[in-house]
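This report refers to the structure that appears directly beneath it.
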Ligand SMILES: Cc1cc2nc3c(=O)[nH]c(=O)nc-3n(C[C@H](O)[C@H](O)[C@H](O)COP(=O)(O)O)c2cc1C
C-alpha cells in the first residue's frame with residue numbers, strides 16, 4: 163500500500179486469532195468496553211436479539227472446552243494445510259485439550275432459533291468483539307458452533323443454570339484473554355481479485 167493507513171485500518175489488518183493465553187483475567191473495565199462496542203453491531207431488522215453470555219468460571223470453561231473438543235468432527239488438519247503454525251487450532255494439534263484454548267473468558271452468543279439472520283447477527287457481533295478486543299491489546303478467537311455442546315446432557319444442564327430462554331440457541335463462542343506471547347505477525351493473505359464493473 164502506498165498510502166498511510168489510519169489507526170482503524172491498521173487494527174483491521176493486524177488482528178489475528180490467538181489460541182495461546184495467559185491465565186490472567188482481563189480487567190472488567192476492558193470487558194465492559196468490548197461488550198458495549200458489541201452492542202453497536204449491525205443486525206438484521208434492528209432486532210438486537212443476540213444474547214451474550216460471558217463465562218469467566220475456569221471450571222465451566224474447561225468442562226465445555228473439553229466437551230467441545232471431544233465432539234469436534236475435524237480431528238486433524240491435512241499435512242501442510244495448517245490453520246496456524248504459530249497459534250495452532252485443535253485441528254492442527256490433536257494434543258490441545260480444550261476447544262477454548264484455556265482462555266480465561268469465553269463469550270457465547272445465543273440467538274432466537276427460528277430467526278433467519280441469527281448466524282449473520284452473531285458472527286458480525288463476534289467480529290466486532292474481536293476487533294474491539296484487539297484494539298485494547300486483548301487476544302481473541304472465534305470458535306464456531308458446528309457440533310453444539312448445548313445439545314448434550316451436561317450442556318443442557320449449563321443452559322438451565324445460565325437461564326437461557328428455550329427458544330434460543332448458541333451460534334458461536336469467542337475466546338478472550340491476554341496472548342501468552344506478543345501478537346504474532348500476520349499470515350500471508352490472498353489479494354482479493356474482485357470483478358469491478360464501472
Ligand atoms: C465462522 C468461523 C468459525 C471459526 N471457528 C473456529 C474454531 O472452531 N476454532 C478455531 O480455532 N478457530 C476458528 N475460527 C478462526 C479461524 O480459524 C481464523 O479466523 C482463520 O484461520 C483466519 O486467521 P486469523 O483470524 O488469525 O486472521 C473461526 C472463524 C470463523 C470466521
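In our numbering, the protein residues as written are 163 to 360.
Virtual Cβ for every residue (Gly too), placed ideally from N, Cα, C.
Exercise. With a CB to CB cut of under 7 Å and the five nearest residues on each side skipped, what residues in its chain are close to residue 275?
Worked result: The residues 329, 330 and 331, in chain order, have a CB closer than 7 Å to that of residue 275 in the same chain once the five nearest residues on each side in sequence are set aside.
Problem set entry | Selected residue, minimal CA-CA separation from residue 251, among 353, 230 and 176 | By alpha-carbon distance to residue 251, the top candidate from 353, 230 and 176 is 230.
For this session: Just mark residue 202 as buried or exposed, buried being the case when its beta carbon has 16 or more other beta carbons within 10 Å.
Result: Within 10 angstroms of the beta-carbon of residue 202 lie fewer than 16 other beta-carbons, which makes it exposed.
For this session: Might you give, ordered along the chain, the residues of its own chain that have their beta carbon closer than 7 Å to the beta carbon of residue 287, omitting 5 neighbours on each side?
Result: Around residue 287: 200, 203, 212 and 271.
Exercise. Would the beta-carbon of residue 327 be found less than 7 Å away from any heavy atom of ligand 1?
Worked result: With a cut-off of 7 Å, the C-beta of residue 327 is classified as distant from ligand 1, since no heavy atom of the ligand falls inside that distance.
For this session: Since I believe residue 179 is in contact with residue 303 (beta carbons under 8 Å), could you give me their beta-carbon distance rounded to a whole number of angstroms?
Result: Contact between residue 303 and residue 179 holds: their C-beta atoms lie close to 4 Å from each other, under 8 Å.
Problem set entry | Local Cβ density within 10 Å of residue 266, reported as buried at 16 or more and exposed below that | With 16 or more other Cβ atoms within 10 Å, it is buried.
Exercise. Out of curiosity, what's the CA-to-CA distance linking residue 185 and residue 248?
Worked result: Between residue 185 and residue 248, the C-alpha separation is close to 19 Å.
For this session: Closer than 8 Å by C-beta to residue 294: which residues in its own chain qualify, once you throw out the five before and the five after it? Chain order, please.
Result: Excluding sequence neighbours, residue 294 sits near 195, 196, 199 and 200.
Problem set entry | Member of 345, 338 and 358 whose CA lies at the smallest distance from the CA of residue 190 | Check the Cα spacing between residue 190 and each of 345, 338 and 358: the tightest is with 338.
Exercise. Exposed or buried, residue 177, counting other C-beta atoms within 10 Å across all chains shown (16 or more means buried)?
Worked result: Residue 177 is buried by the Cβ-count criterion.
For this session: Return the CA-CA distance between residue 216 and residue 336, expressed in angstroms with no decimal places.
Result: Taking the straight line joining both Cα atoms gives about 9 Å.
Exercise. In this structure, what does DSSP give as the bridge partners for residue 338?
Worked result: Answer is 267 and 302, bridged to residue 338.
Exercise. Exposed or buried, which one is residue 165 when buried takes at least 16 other CB atoms within 10 Å?
Worked result: Exposed is the label assigned to residue 165, since fewer than 16 other Cβ atoms lie within 10 Å of its Cβ.
Exercise. Expressed to the nearest angstrom, what Euclidean distance is found between the alpha-carbon atoms of residue 260 and residue 311?
Worked result: The straight-line gap from Cα to Cα measures roughly 13 Å.
For this session: Could you have a look at residue 216 and say whether DSSP puts it in helix, strand or coil?
Result: In the structure shown, residue 216 adopts extended strand secondary structure according to DSSP, grouped into three states.
Exercise. Among 301, 350 and 324, which residue has its Cα nearest to the Cα of residue 343?
Worked result: Comparing Cα positions, the closest option is 301.
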